[in-house]
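So the sequence shown is numbered by full-length UniProt numbering: it starts at 1 and just counts up by one.
Think of the CB as a built atom: it goes at the ideal place given N, C-alpha and C, for glycine as much as any other residue.
Everything below concerns the one structure shown next.
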Amino acid sequence: PYWASPSPSPSPSPSPSPMVSPAPVFHRVRSASSAFRTWCTPPEDLFGLPPGEEKRIVLYFTSLRVVRQTFDDCADVRTILRGLRVAVDERDVSLDAGFMRELKGILGGRRRPLSLPQVFIGGRHFGGAEEIRRLYETGELKRYVEGAAPAVVAVCEGCGDFRFVLCRICSGSRRCYSEKGGGGFRTCTACNENGLVRCPLCCAHTAV
């Protein structure tokens, strides 16, 4: 009878496949992505580098405290770069809107939203705060800035390290008298929208 027949033994279930951690793969992809961003070369005439300044360092940042995270990131990167004792062309977008337009012209075509700070070394885009911190922690950043002009340790007597001074032509008013066209006041063309010009003492070697 059927009840006397031995029940078929259940077939052994296949042993589960070992779980493969995605961490190594993710790490490799992330590293490759970071390397690509690090060595993404902008147009050759990006900064109009004169001969001998291939190692010039340019930092786009903001000194405004409106967004705390952005301000902290900018402050961290400034501290890192200054700690390397190399000359840095600091471009504060909060003091000159032309710097932001300049940066958008360089990175505006990318899909990622534009954020601050942004660092360029020798005309190459090295990224923002995350990338600079990583390069600094691994010791790579120091190697990349080798050959850059040394920084002036003392605080600039002209601007107090703000990199800008009041326009001497209009005294920051943005208006100056001109005798052309019958005379009258005209908008000053020597300064930016805030009545400021780059400090002639500490920014002379970084002028584009």
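Here the alpha carbon of T79 sits roughly 52 Å from the alpha carbon of G182.
L81 is not a Cβ neighbour of L114, given a cutoff of 8 Å. When DSSP states are grouped into helix, strand and coil, E130 belongs to the helix group. Between G160 and L166, the CB-CB gap reaches or exceeds 8 Å.
R56 and V145 have their C-alpha atoms roughly 8 Å apart. Leaving aside the five residues that flank F99 on each side, the residues in its chain whose CB is nearer than 8 Å to its CB run, in chain order, Y60, R91, D92, V93. Note: F162 is not bridge-paired with any residue in the DSSP secondary-structure output.
Between L116 and L196, the C-beta gap is not smaller than 8 Å, which leaves the two residues out of contact. In the DSSP assignment, C74 falls within the alpha helix (DSSP H) that extends over 68–83.
When DSSP states are grouped into helix, strand and coil, T138 belongs to the helix group. Excluding residues up to 5 positions away in sequence, L59, F126, I132 lie with their Cβ nearer than 6 Å to the Cβ of V119 in the same chain. If you draw a 10 Å sphere on the C-beta of T62, you find 16 or more other C-beta atoms in it, and that means buried.
Between L201 and G158, the gap from beta carbon to beta carbon is short of 8 Å. For the pair C199 and R163, the CB atoms are nearer than the 8 Å cut-off. Taking G184 as the centre and dropping the five residues before and after it, the same chain places the C-beta of Y177, S178 closer than 8 Å to its C-beta, in chain order. Selection R112, R68, A148 evaluated against R85 yields A148 as nearest (Cα-Cα). Within the model, the alpha-carbon separation for D72 versus K180 is close to 48 Å. When only Cα atoms are considered, T189 and V77 end up about 32 Å apart.
The DSSP-derived three-state label of L59 is strand. Residue state for L107 is assigned as helix, using DSSP reduced to three classes.
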